[in-house]
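The listed protein sequences correspond, in order, to chains V and Y.
All letters in the first sequence, in the order written, are residues 1 to 820 by the UniProt record's numbering.
All letters in the second sequence, in the order written, are residues 1 to 820 by the UniProt record's numbering.
The C-beta atom is built at its ideal place from N, Cα and C for all residues, glycine as well.
Protein chains: 2
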Amino acid sequence: MKSPLASLLWRSLRVYQVFGANTDVGKTIFTTLLARTAKKQWKDEHVNFLKPVSTGAGEEADDRYDLIENHPVKVFGSCLMINHEQTYSSLRTWCISQHTLSPIPSDEAFLAKCRAFATQCAAKDNGWLFMETAGGVHSPGPSGKTQADLYIPLRAPTLLVGDSRLGGISQTISAFESLRIRGYDVESVLLFKDNTYENYRYLAEYFKDNYGIPVSSLSVPPERDESPQRDEEAMQKYYERKDCEEVARQVLGLLHVNHSNRLSALDSMATKASQHIWYPFTQQSLVGPKEIMTIDSAHGDYFQTLAPSAPGNNTSAEAPVLRSSFDASASWWTQGLGHSNPKLTLAAAYAAGRYGHVMFASAIHQPAMALAETLLKGMQNPRLSRVFYSDNGSTGTEVAVKMGLRAARLRYDWGTDQKLGILGLKGAYHGDTMGAMDCAEPGIYNEKIEWYEGKGYWLDYPTVLCRNGEWSVTVADSLKESFGSGRAYATLNDIFDVEAREASGEHVIYEDYITSTLETLRAQGRKFGALMLEPIVLGAGGMEFVDPLFQRTLVNVVRRSPHLFGTATQPTSADDPNEWSGLPVIFDEVFTGLYRLGRFTPSSFLGVHPDISVHAKLLTGGLVPLCTTLASENIFKMFLSPDKTDALLHGHSYTAHPIGCQVALESVKEMQGMEERGAWDWAQARGWKGSEGQPPEQHKVDVWSTWPRELVESLSRLTDGVIGAWALGSVLAIHLKDSAGSGYSSNAALGLRERLNAGRTGGESGPWNVHSRVLGNVLYVMASQMTSEESVKQLSELLMESINKGARRQTDALSAVPRR
Amino acid sequence: MKSPLASLLWRSLRVYQVFGANTDVGKTIFTTLLARTAKKQWKDEHVNFLKPVSTGAGEEADDRYDLIENHPVKVFGSCLMINHEQTYSSLRTWCISQHTLSPIPSDEAFLAKCRAFATQCAAKDNGWLFMETAGGVHSPGPSGKTQADLYIPLRAPTLLVGDSRLGGISQTISAFESLRIRGYDVESVLLFKDNTYENYRYLAEYFKDNYGIPVSSLSVPPERDESPQRDEEAMQKYYERKDCEEVARQVLGLLHVNHSNRLSALDSMATKASQHIWYPFTQQSLVGPKEIMTIDSAHGDYFQTLAPSAPGNNTSAEAPVLRSSFDASASWWTQGLGHSNPKLTLAAAYAAGRYGHVMFASAIHQPAMALAETLLKGMQNPRLSRVFYSDNGSTGTEVAVKMGLRAARLRYDWGTDQKLGILGLKGAYHGDTMGAMDCAEPGIYNEKIEWYEGKGYWLDYPTVLCRNGEWSVTVADSLKESFGSGRAYATLNDIFDVEAREASGEHVIYEDYITSTLETLRAQGRKFGALMLEPIVLGAGGMEFVDPLFQRTLVNVVRRSPHLFGTATQPTSADDPNEWSGLPVIFDEVFTGLYRLGRFTPSSFLGVHPDISVHAKLLTGGLVPLCTTLASENIFKMFLSPDKTDALLHGHSYTAHPIGCQVALESVKEMQGMEERGAWDWAQARGWKGSEGQPPEQHKVDVWSTWPRELVESLSRLTDGVIGAWALGSVLAIHLKDSAGSGYSSNAALGLRERLNAGRTGGESGPWNVHSRVLGNVLYVMASQMTSEESVKQLSELLMESINKGARRQTDALSAVPRR
């Protein structure tokens, strides 16, 4: 099993990748010149060359790139190869070192080979490695993926050989842009000094003005001689020409300085950050430079982070500088389609190029309209007809609350002086803006905040957990009087079969409890403006998995009980999709929506529809902030009047910014497409489909997780350190035992987090680890919607191993626990 | 004077621009084939051809493109031209129709010529226009700007002719990406069916999978014959081949459908929006489809919007479908570097490609670090050392308030039960999230919002206005007792010379008023946690221009009077940059900061530094939401403790998202560069520099506006309808007389807005208008930091004309007034 690939960066080795603006632009000549000159200038160092993809048709080609080891600059006599190049689609020949592998390797295996070669080079004291690509930047590699996409994970700094021929200005700029938008750092542009077209003049100005990138030009090389020997001699002379060497020295000097600047910047960034950044949700007295993760780039599910130096000795020059860190918090639950997904980049850039940002109040543009339609359709909720755009989940829930409160106040004819609250669940979290905070019950995370004032009532609820291998609805001691002691189920599917459970009367105890609670509140004169729930999982509240039957029952009771909230002039029906009843029902789907739990909307698990729903985070696949608050027409209409001040007076400057809308449109459609194509079939097949002993087709309900059911059940059986575990969609949560008691003040999960953070050395692929966040005694690991089966397997192994290790020793005592 | 250019879209005319993946890829052959086939298929229509930039070296070249009028498909016999192509940097020949213009025209003049030609074509019943570009997508046009950038304002849908040669896969994809990231819609990719390389196979799959764009391939044309006559005959036969015509028919069919789909989408979008969008800050009972602006794209300072159909008759087929709409609200005050600025697009795409979004709590990445350092340095405020990232101005001010309140509470040893307020100015606005709303005094815009509770005290203040040609500090009746009746100054510079005014004792009446107000509040037992100001201009509060001396005095009094706020254990000094004194001073620079008023920070006008400052909107040049709250080290330290719950518990999922940080870094550096380069010298020279009669070098103070001083003074002399006007930086505000009284319920500005909205026909450049927002009786027009002198002149003329017209008739009566 291949471990994830760390980017190419060593202190000992300056690695540069050479891309060409086109085929036949002189990549090999430039690379040869640079390699030869490097060898002259850094006499004691080794200079290496790698051409991972060769496009030559036969023996001769491979021979010419007969690699390297102790003969770094051997055979660079001419550029014969260019004449042998063939198309990449019809002829996918390739080589690494002298080995020709067949069949065509996977991209991962291919890149691992490249990295392995670089690792060998890095082990040999100081040196250089020049990696020459084949053809143009987008010429396909072995698997058919274009090289600009293929090499992203290696992310070596780059030289671009420009095109000095007719049309070459265009080719060079376009090739550069293709690299740039994939996050490559092009450090220098090189091209021949053709005096007919003088592209170098134009390009030198262009790249300096626009990017501050230097362009170096080299005299045109001699015409090819038909005699190989004479040709080699002529090239030899060319390479040794004073002007050629001078250009090469200048370029190499720049690359040398850039390499050391890059390392200094990486080494110093955490210290600078600890001096000048004020971190969100972080007690900075507990976070020094050593605790700050320096991220160089990110790709797929992995960050590339500055690897910690080995304890006790100075940073070793040949140790990899970067390691792959699995983003197990999905960057605060935002990631869905992988970091730096080229499709999302192109979507963002298209919208930026077409609109930038444009005014949205009383205006409309295509991506905002298309996204609104896509979301309304995808929700399959007959109640929803309107989309309100804002910037993030917190502001989007504030919008939802403004909608709900107004609707309830008007319906029940309350004055503006009435104090209205939110009905919710204990541990609810809706964001950190003050209005969103006020929707959460008082607790240690808001009680010290000066303007916080919890406005509402929050019910207790039964939860779902796999304990000792058994899926059960768990009831806290305080609720045992109402709900009994909980119950075990054969499978998670059975717990989600809320209709069957309802048919068997399981919901009645919930109904009684909820109704009596509401009656008590009514008797106390409490007034409510909305029921607000995070469907299925309360994320920041500690990854609590709520019994879906409880939430379903809560919604139903509220809708059937308008009399418990106020006196309306018109009767309403709980089932009428055209009118809200009881209270406006708000689902905060910011964390759980849009395939996080495996479905477009988690409301489909409950079989009840909200009147208002809030969507963010995964909405943009994990790229930029955007939020949508969806609402019903009947709530929308309550804001209509001839008076401007009756409107929903909420707006953000960047409301419905086109980049966000376009990226969200692309993301949502991509995830819908994945569902249609069965992209998660492999995960669904791993123990989740159907109840035990029954064929899958007999089940209406399908719940599943990226994480294998067997893993969850195995984890839950580690009764030494584990209370229980659950997995749903891409989320895996492990509730750990903690002698100091669970909750936010707990430290139980920190030891496990540390062990995951230590990770593995990873051999030639470079070190890797897991960057996770904990919530009190809960450690969670979140996959993206793109995580592969192989990644999951690897992570599962590390998890089991780390927990077992932890069970054998005491957990570390640290006093701070991040919330998310 | 050229009027702004409307994009190319007519109902009668299908315009397609043909770009090439490289030079010599067959653009002319494809275009010829399409034009010939179109003529066969749509016999009654006219088919036009335009090659705005020709790269031919002599007579022959121009002759071959001897344009068109009634002979649209004449002379398309061969592709001789290709052999005559030359480099674009050394040979900038070009032609439009048969005219060769010299000297090289400006980009604007050049595009206007192109549009004029298309306008002629559109006037001739239904038809087609194919516009062929020269060379590759980034081959330079006449002025040296590359064609992909040059043609953005025309934004015709596009055909890309791919490269079928060796390396052509790469060339085609890169060229496509260069178009895509500039917002072009590439509707079809065309290339030759070369059977050696088979690029068409790879590309067909690639474009279908990634973009859903069809790729059509055409048999390779005959080799060129040396005899022109035989060559022409051979090509004639080629064009008439069944397979060639079939391909052309398919492509044309697609283009035809796309054109009509695009029109339908534009025509129906406002209706759809009125059914499904819930607009921010908008009373939708007053906004029907006709009031909704449909934006097709945006470039520079202009939207391209669906032009209203002429009243009374059906939409005329030859009328331009789009018009240029000057974005006079700068899209809710966000725009600085123009819509769809390619530099910002590339910055966004680079960050997307390098990181996507990555976790920020306890992590750091290069753009976040570099932006933090750039802002801290740019502010030149010795008090600031920390940067907290959030999503928008509203959340950023909430963060600032959380910082301020905590610092004050700990300093003055108040319990969490103490009700703390904000000290501010009347009409203050800090955003629409509930915490930000609570920082504003009660008024018609928040009094109906259920959870709103104004928390603070808001002082009245004197304002600055040019009235009847005279710059003066204006005092409202209620303040006359305290401040007298105001005062006139020779120039705006004199008003801003706060040190001189202070030296002459002008501030004493302010000091007395502020001190006595604070003493009264203290006597009432009121407690405050921060002084929070929008420096210089209260935007949403009605474009009120506050006397800078008043704000300066307010800050100074607060800092010198800790005894009026609480009892601190340690004495503090008002002038010590290492410690806040009295109250933490927060400057909300969201609207006025980052060059909006001509300077990096408006605090430099006041000569006092805040302890906390908030920056958004222009921060990203107008592309994506991002906010920074800058704070002093001494406030930061008040959150340090061993206890996690003492931290600033605020965080956003997309905190410091790399796209936002990278774009902001690019924007801020670009604006700093403009300042250094003197990019606004032209504006500063127009009456703003120095006091009258005194040489500029004698003035420490330099205030200026993009809008000429003469315009402001002229406007202020229109005493028929105008109370007064002011301009500063890019903002021009006109306070209008309104018999119904001023303020938010006013309608005075609506008539003027309507007249600006009607705009002008613009002739061959297409219609243009001004899209403005009003604030009660105030109409404002905001330039970007890129607006040209010519644009300002044009807009100034339209403004004067529209106001004069308004003075001659009654203003319309509409009951709703947008806030921003």
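Next item on the list: Give the range of the alpha helix (DSSP H) segment to which residue 682 of chain V is assigned.
Entry: Taking the first sequence and counting its residues from 1, the one referred to as residue 682 of chain V is at position 682. Where residue 682 of chain V is concerned, the enclosing alpha helix (DSSP H) stretches over 681-684.
Next item on the list: Check the DSSP bridge columns for residue 587 of chain Y and list the partner residues they point to.
Entry: Taking the second sequence and counting its residues from 1, the one referred to as residue 587 of chain Y is at position 587. According to DSSP, which records beta bridges pairwise, residue 587 of chain Y is partnered with Y/533, Y/613.
Notebook entry, point to check: Of the residues that make up the region 280-292 of chain V, which ones have a beta carbon closer than 9 Å to any beta carbon in chain Y?
Noted result: 280, 281, 282, 283, 284, 285, 286, 287, 291, 292
Item checked: C-beta contact flag for residue 555 of chain V and residue 531 of chain V at 8 Å -> What you label residue 555 of chain V is simply residue 555 of the first sequence in a count that begins at 1. What you label residue 531 of chain V is simply residue 531 of the first sequence in a count that begins at 1. In contact: residue 555 of chain V and residue 531 of chain V (Cβ atoms closer than 8 Å).
Margin query: If you follow the beta strand (DSSP E) that residue 160 of chain Y is in, where does it begin and where does it stop?
Written below: Mapped onto the second sequence, residue 160 of chain Y falls at position 160. From DSSP, the beta strand (DSSP E) with residue 160 of chain Y extends over 158-161.
Note to self: Out of V/463, V/684, V/557, which one is the CA nearest neighbour of residue 735 of chain V?
What the structure shows: Taking the first residue of the first sequence as 1, we reach residue 735 of chain V at position 735. Nearest of V/463, V/684, V/557 to residue 735 of chain V, Cα basis: V/463.
Check: Would you call the region 606-615 of chain V and the region 369-382 of chain V touching, i.e. three or more CB-CB distances under 8 Å?
Finding: yes
Notebook entry, point to check: Which chain V residues are close to residue 393 of chain Y, counting only those with a beta carbon under 9 Å from its beta carbon?
Noted result: For the purposes of this step, residue 393 of chain Y is identified with residue 393 of the second sequence, where counting begins at 1. Near residue 393 of chain Y (Cβ distances below 9 Å), the residues of chain V are 652, 653.
Margin query: Please identify, using Cβ separations under 7 Å, the residues of the region 412-433 of chain V that lie next to chain Y, in order along the chain.
Written below: Under the 7 Å Cβ criterion, the region 412-433 of chain V contributes 416, 420, 432, 433.
Item checked: DSSP bridge partner residues for residue 339 of chain V (one or two, in chain order) -> Here residue 339 of chain V corresponds to residue number 339 of the first sequence, with the count starting at 1. Bridge partners of residue 339 of chain V: V/300.
Next item on the list: Measure the C-alpha to C-alpha separation of residue 74 of chain Y and residue 37 of chain V and round it to an integer number of angstroms.
Entry: The count along the second sequence starts at 1 and reaches residue 74 of chain Y at position 74. The count along the first sequence starts at 1 and reaches residue 37 of chain V at position 37. Annotation note: pLDDT 31 at residue 74 of chain Y (below 50); position unreliable, coordinate value reported separately. Taking the straight line from one Cα to the other gives about 57 Å.
Checklist line | Local conformation of residue 497 of chain V per DSSP, three classes | finding: As a position in the first sequence, residue 497 of chain V is number 497, starting the count at 1. Residue 497 of chain V falls in the coil class under three-state DSSP.
Check: Quick one: Cα of residue 223 of chain Y to Cα of residue 237 of chain Y, how far?
Finding: Here the question's residue 223 of chain Y lines up with position 223 in the second sequence. Here the question's residue 237 of chain Y lines up with position 237 in the second sequence. Approximately 13 Å between the Cα atoms of the pair.
Note to self: For a contact defined as C-beta to C-beta under 8 Å, what are the partners of residue 601 of chain Y on chain V?
What the structure shows: Residue mapping note: residue 601 of chain Y aligns to position 601 of the second sequence, counting from 1. Residues of chain V with a Cβ closer than 8 Å to the Cβ of residue 601 of chain Y do not exist; the shortest Cβ-Cβ separation is about 18 Å.
Check: Name the DSSP bridge partner or partners of residue 523 of chain Y?
Finding: Numbered from its first residue, the second sequence carries residue 523 of chain Y at position 523. The partner list for residue 523 of chain Y (beta bridge, DSSP) is empty, contrary to what the question assumes.
Note to self: With distance defined between alpha-carbon atoms, name the residue in Y/150, Y/166, Y/201, Y/466 nearest to residue 183 of chain Y.
What the structure shows: Indexing the second sequence from 1 puts residue 183 of chain Y at position 183. Selected option, being the one with the closest Cα: Y/150.
Notebook entry, point to check: Between which two residues does the alpha helix (DSSP H) containing residue 192 of chain V stretch?
Noted result: Here residue 192 of chain V is taken as the residue at index 192 of the first sequence, counted from 1. For residue 192 of chain V, there is no enclosing alpha helix (DSSP H); the residue is found in the beta strand (DSSP E) stretching over 186-192.
Next item on the list: Out of V/673, V/642, V/713, V/728, point me to the one whose CA is closest to residue 684 of chain V's CA.
Entry: Here residue 684 of chain V refers to the residue found at position 684 of the first sequence. Ranking the options by Cα distance to residue 684 of chain V, first place goes to V/728.
Margin query: Could you check whether the Cβ of residue 332 of chain V sits closer than 8 Å to any Cβ belonging to chain C?
Written below: Protein chains in the displayed structure are V and Y, and chain C is not among them.
Item checked: Local Cβ density within 10 Å of residue 634 of chain V, reported as buried at 16 or more and exposed below that -> Numbered from its first residue, the first sequence carries residue 634 of chain V at position 634. Buried, by the Cβ-count rule.
Next item on the list: Ignoring anything shorter than 3 residues or poking outside the region 182-238 of chain V, list the beta strand (DSSP E) runs there in chain order.
Entry: 186-192, 215-218
Notebook entry, point to check: Would the region 707-717 of chain Y and the region 462-478 of chain Y be scored as touching if the rule is three or more Cβ pairs under 8 Å?
Noted result: yes
Next item on the list: For residue 230 of chain Y, count neighbouring C-beta atoms within 10 Å of its own C-beta (all shown protein chains included) and say buried if the count is 16 or more, exposed if not.
Entry: Position 230 of the second sequence, counting from 1, holds the residue named residue 230 of chain Y. Exposed is the call here.
Notebook entry, point to check: Taking a cut of 7 Å between CB atoms, which residues from the region 746-760 of chain V lie near chain Y?
Noted result: none
Margin query: Considering Cα atoms alone, identify which of V/195, V/759, V/259 is closest to residue 771 of chain V.
Written below: Within the first sequence, the letter at position 771 stands for residue 771 of chain V. Among V/195, V/759, V/259, the Cα nearest to that of residue 771 of chain V belongs to V/759.
Notebook entry, point to check: Excluding five sequence neighbours on each side, which residues of the same chain lie with their C-beta closer than 7 Å to the C-beta of residue 289 of chain Y?
Noted result: Here residue 289 of chain Y refers to the residue found at position 289 of the second sequence. 270, 271, 274, listed in sequence order.
Notebook entry, point to check: When the Cβ atoms of the region 663-673 of chain Y are set against those of the region 555-569 of chain Y, are three or more pairs found closer than 8 Å?
Noted result: Not touching, per the Cβ criterion.
Notebook entry, point to check: How would you write the range of the beta strand (DSSP E) that residue 466 of chain V sits in, first residue to last?
Noted result: Counting from 1 along the first sequence, the entry for residue 466 of chain V is found at position 466. Residue 466 of chain V: member of the beta strand (DSSP E) spanning 463-467, first to last residue.
Next item on the list: Since I believe residue 190 of chain Y is in contact with residue 257 of chain Y (beta carbons under 8 Å), could you give me their beta-carbon distance rounded to a whole number of angstroms?
Entry: Your numbering for residue 257 of chain Y matches position 257 in the second sequence. Your numbering for residue 190 of chain Y matches position 190 in the second sequence. About 17 Å; that fails the 8 Å criterion.
Next item on the list: Drop a sphere of 10 angstroms on the beta-carbon of residue 484 of chain V, count the other beta-carbons inside from all chains shown, and report buried for 16 or more, exposed for fewer.
Entry: Position 484 of the first sequence, counting from 1, holds the residue named residue 484 of chain V. Classification of residue 484 of chain V: exposed, given that the 10 Å Cβ count is below 16.
Item checked: Beta carbon proximity, residue 180 of chain Y to chain V, threshold 8 Å -> Locating residue 180 of chain Y in the second sequence gives position 180, where the first residue counts as 1. By this cut-off, residue 180 of chain Y is an interface position.
Check: Which class does residue 513 of chain Y belong to by DSSP, given the choice of helix, strand or coil?
Finding: In the second sequence, the residue the question calls residue 513 of chain Y occupies position 513. In the structure shown, residue 513 of chain Y sits in a helix (DSSP, three-state: H, G or I).
Notebook entry, point to check: Sorted by chain position, which residues of the same chain lie with C-beta nearer than 6 Å to residue 877 of chain Y's C-beta, five sequence neighbours on each side aside?
Noted result: No information on residue 877 of chain Y is available, as it lies outside the stretch 1 to 820 that chain Y covers here.
Next item on the list: Name, please, each residue of chain V whose Cβ falls closer than 7 Å to the Cβ of residue 410 of chain Y.
Entry: Looking up residue 410 of chain Y in the second sequence gives position 410. None at all; the shortest Cβ gap to chain V is about 10 Å.
Check: Which chain V residues sit within Cβ distance under 9 Å of residue 379 of chain Y?
Finding: For this step, residue 379 of chain Y is matched to residue 379 along the second sequence. Here the premise fails: no neighbours, minimum Cβ distance about 12 Å.
Check: Which residue or residues does DSSP assign as beta-bridge partners of residue 327 of chain V?
Finding: The residue given as residue 327 of chain V occupies position 327 in the first sequence. In DSSP, residue 327 of chain V forms a bridge with V/771.
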